[in-house]
Each structure stands twice: as C-alpha cells, then as structure tokens.
Amino acid sequence: MAEPQTVKTRILIISDTHSTPLQPTTSPNPFRQPLPPADILIHCGDLTMKGLTSEYHKTLDLLASIDAPIKLVIAGNHDRTLDKTWMEKHQNHLWDGETYEEAREFWFGEKGRARTEGVVMLEEGVHEVPLKNGGVLTLYTSQYQPEFCDWAFPYWKHEDRYNISNVLIDAKHISSNPIPSFSAKQLDVICTHGPPFKRGDITPHGNVGCPHLLKAVARAKPLIHCFGHIHEGWGAEKVTWEDTPKREPQQTIQEFKDGGWEKSIKSVETVEVDKKEVMEQRAVYVDASKTSGKEVIRGEQTLMVNAAIMDAGYHPVNAAFLVDVDLPLKK
Numbered sequence: 001m002a003e004p005q006t007v008k009t010r011i012l013i014i015s016d017t018h019s020t021p022l023q024p025t026t027s028p029n030p031f032r033q034p035l036p037p038a039d040i041l042i043h044c045g046d047l048t049m050k051g052l053t054s055e056y057h058k059t060l061d062l063l064a065s066i067d068a069p070i071k072l073v074i075a076g077n078h079d080r081t082l083d084k085t086w087m088e089k090h091q092n093h094l095w096d097g098e099t100y101e102e103a104r105e106f107w108f109g110e111k112g113r114a115r116t117e118g119v120v121m122l123e124e125g126v127h128e129v130p131l132k133n134g135g136v137l138t139l140y141t142s143q144y145q146p147e148f149c150d151w152a153f154p155y156w157k158h159e160d161r162y163n164i165s166n167v168l169i170d171a172k173h174i175s176s177n178p179i180p181s182f183s184a185k186q187l188d189v190i191c192t193h194g195p196p197f198k199r200g201d202i203t204p205h206g207n208v209g210c211p212h213l214l215k216a217v218a219r220a221k222p223l224i225h226c227f228g229h230i231h232e233g234w235g236a237e238k239v240t241w242e243d244t245p246k247r248e249p250q251q252t253i254q255e256f257k258d259g260g261w262e263k264s265i266k267s268v269e270t271v272e273v274d275k276k277e278v279m280e281q282r283a284v285y286v287d288a289s290k291t292s293g294k295e296v297i298r299g300e301q302t303l304m305v306n307a308a309i310m311d312a313g314y315h316p317v318n319a320a321f322l323v324d325v326d327l328p329l330k331k
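With the first letter of the sequence shown counted as 1, position 188 gets the number 188 in full-length UniProt numbering; the numbers rise by one all the way through.
As structure tokens, this is what we get:
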C-alpha cells in the first residue's frame, strides 16, 4: 500500500501569554516583534490573567500581529469567564461585571471579534481543520487541567477525562470526549492547556502533570503534543513510545506515578536550544518532517512541547516554538 500523500506544514506554538503583547524588536528576549510566519498558529491557553474582556482584546491584538492564515486557540485556567461552571460558582463574588455570555459571544459569536478576525477557539474534542496549503490538520484539544487553586476548567486529580475506560484502577472515569487511540483515529496534534505527568510539568513542588493524560497520549501517539500551564516546564523533547500492550497492567494512580509511567516510554530526546539562533529566529525551530533526517515517526514518536511564554514570575522571557511536520493532503 502506497504511503498517503503529505505536505510539509509549519506550526507556530505559543501558550500562557496572559494578555502580554509581543515585546519591541530591541527586547533581550525572543518573544519579540515579529514572530516568524507559519501555516498554523496554535495557542495552548491562558490567553489572559483573569478573563476580562479588555484582556481578550489585548490577546487578539497579539494574534493579529502574527502572520498565519489559520489561528487556533484554546482557553486555560486563567480564562475563567469562558468556564460556565466556574462563573456560576463565583458569580456572587465577582466585582468586574464580566459575564460568561459576553465571553462566549466574544470568542464564538459570528459577529464576535475573534471569528471576525479569523481566530478560532476550540473546545474539548477532535477537530479537522482544512489548511491553505492543501493539507488537513486533525487535532484533539482540551482546556481542562487538574484542579489548581480554584481556577477555571478543573477536574479532580483522581478523575480521568481522557481515556475510554478506567486505565488506572482507582481513577473515576468522567470522560465525555476521550482521546482516541492511534488505531482508531490518527491525530496530528494534541493541544491541552495542562501537561501530562513527567513531561514539561516540573515545579518547585515536583511533577504536577496529569497521569491520565500521559496514558492517553501514549495510546494516541500524535506527532505533536503541545501545552503550557506550568511556566517552569518550558521546553521540548521527542518521546519514543513503547508498543501499546494489548492488556493494560492493573495499577493505581500512585503506582503509575511511582514508576509505572516508565513502561510506556522507550526513550526521551531533549530538544537542544541555541540561544543565539533562538534570538535571531524569535522561536525554537524544530524540523520534524521527513526531509530533516530527524523525523518524528507517526505512530511511534511524539514531539512534546511546553510553549509557556511566561516564566514563573510572569515575565515574557520564553520563546515560541516553530515546528515543521508532514500533514496529510485533503482527500
């Protein structure tokens, strides 16, 4: 059987910009004007600090300054006015007059500024996006992350919203939009706000990523898994997966975190960063296409990218990621 035809596609990935504009060209940091052009821009959430309309406008000002015909974004825990459950819980304590309905209209309304300017916010689930270069991007997105200081889009740490069944035996299965396995649907990209366990999730308090998400990504084996949320975890690495076992081992969440997770990963290769090149290019460039000699192999490997622009002190010191991959042509 002949291999499907593909087209080399450039994806610019950012996260956790928190309403901050691109810095001036004279800035000593790489998140500065102009960012490199791309076929697709993906923003992995935390568009704002508090989900205010004024902050959403600043975010769209930022996105408008980036040269990409397709612009895809998800919400994050700071974008709280987009979480209906969070807003209903806190409506008696809000002092800024913002509403969930106004936030929805801003991002999803046909006459809202986002849609008017060609920016598409995606909610949890699988999406197929036709591209200007003749390709099609298949991605899974989710704005949720483990509960964190009563911010938006939370789930409890024992809850599994990504797998089809209870892969970890003491987890509570809550998924309405599970991540599909590689054998069922080939995903090019998984974009979540939060990181998976042990991948770009390190903080002074240890690894805080989601073990259920790591299990799901290991099943799906996308070309790219991009995320943010944990500012300290910025960076990228190529993960080579072990073959998915026909029968999952019976283990608890804690057993998985204590070392069981290692059974799904064959090797990890950190993407080395040349600071001088990054400053010149205004991004970390990763060529994961077939012509690079360092291809990310579909169904075997995943490029993990924590693209948080802010550091732990909320200074925009980190670089965006610019990734070349081969995507299938539209049939």
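Note that beta-carbon positions come from the ideal geometry of N, C-alpha and C, so glycine has one too.
Here the structure is a predicted model, which means the values were calculated and not measured.
Terminal residues of the alpha helix (DSSP H) in which residue i lies
| i | result |
| --- | --- |
| Gln-281 | 275–281 |
| Asp-61 | 53–64 |
| Phe-106 | 100–108 |
| His-90 | 84–90 |
| Thr-270 | Premise fails: Thr-270 lies in the beta strand (DSSP E), 265–270, not in any alpha helix (DSSP H). |
Cross-strand partners of residue i (DSSP beta bridge)
| i | result |
| --- | --- |
| Asn-207 | Ile-202 |
| Tyr-140 | Val-126 and Ile-190 |
| Asp-326 | Lys-8 |
| Cys-226 | Cys-191 and Val-305 |
| Met-310 | Looking at the DSSP assignment, Met-310 forms no beta bridge with any residue, so it has no partner. |
| Phe-321 | Ile-13 and Val-284 |
| Val-296 | DSSP, once it has assigned bridges, lists no residue as partnering Val-296. |
| Ile-40 | Ile-11 and Ile-70 |
Close Cβ partners of residue i (< 6 Å) along its chain, the five nearest in sequence each way excluded
| i | result |
| --- | --- |
| Asp-201 | Pro-195, Asn-207, Val-208, Gly-209, Ile-230 and Gly-233 |
| Glu-124 | Ser-142 and Asn-177 |
| Leu-213 | Tyr-162 and Pro-196 |
| Ala-216 | Tyr-162, Asn-163 and Ile-179 |
| Met-1 | With a pLDDT of 48 at Met-1, under the threshold of 50, the modelled position of this residue cannot be trusted; read the value that follows with caution. Within the same chain, Met-1 has no close Cβ partners at all. |
| Val-317 | Asn-29 and Asp-311 |
| Tyr-140 | Val-126, Ile-179, Leu-187 and Ile-190 |
| Tyr-56 | Phe-106 |
| Pro-4 | Pro-328 |
| Pro-154 | Glu-147 |
Opening and closing residue of the beta strand (DSSP E) in which residue i lies
| i | result |
| --- | --- |
| Lys-257 | Not the beta strand (DSSP E): Lys-257 falls in the alpha helix (DSSP H), residues 253–257. |
| Ala-236 | 235–241 |
| Thr-302 | 301–306 |
| Leu-72 | 70–73 |
| Met-121 | 119–121 |
Cutoff 7 Å; reference residue i; Cβ partners in own chain excluding five residues on either side
| i | result |
| --- | --- |
| Val-119 | Leu-60, Leu-63, Lys-71 and Val-73 |
| Phe-321 | Ile-13, Ala-236, Ala-283, Val-284, Val-286, Val-305 and Ala-307 |
Check whether residue i and residue j have beta carbons under 7 Å apart
| i | j | result |
| --- | --- | --- |
| Ala-307 | Gly-228 | yes |
| Glu-98 | Thr-81 | yes |
| Thr-48 | Asp-67 | no |
| Phe-256 | Pro-211 | yes |
| Ile-224 | Asp-16 | no |
| Thr-303 | Lys-198 | Position check: residue 303 holds Leu in this sequence, whereas Thr was assumed. Going by C-beta atoms, Leu-303 is not nearer than 7 Å to Lys-198. |
| Ala-283 | Val-323 | no |
| residue 358 | Cys-226 | Since the first residue shown for the chain is 1 and the last is 331, residue 358 is missing from the structure and cannot be characterised. |
| Ala-75 | Gly-112 | no |
| Glu-242 | Ser-267 | no |
| Ala-171 | Asp-83 | no |
Nonlocal neighbours in the same chain, by C-beta distance under 8 Å from residue i, ignoring five residues either side
| i | result |
| --- | --- |
| Pro-21 | Lys-58, Asp-61, Leu-62 and Ser-65 |
| Thr-9 | Asp-39, Ile-40, Leu-131, Asn-133, Gly-135, Leu-137, Asp-324, Val-325, Asp-326 and Leu-327 |
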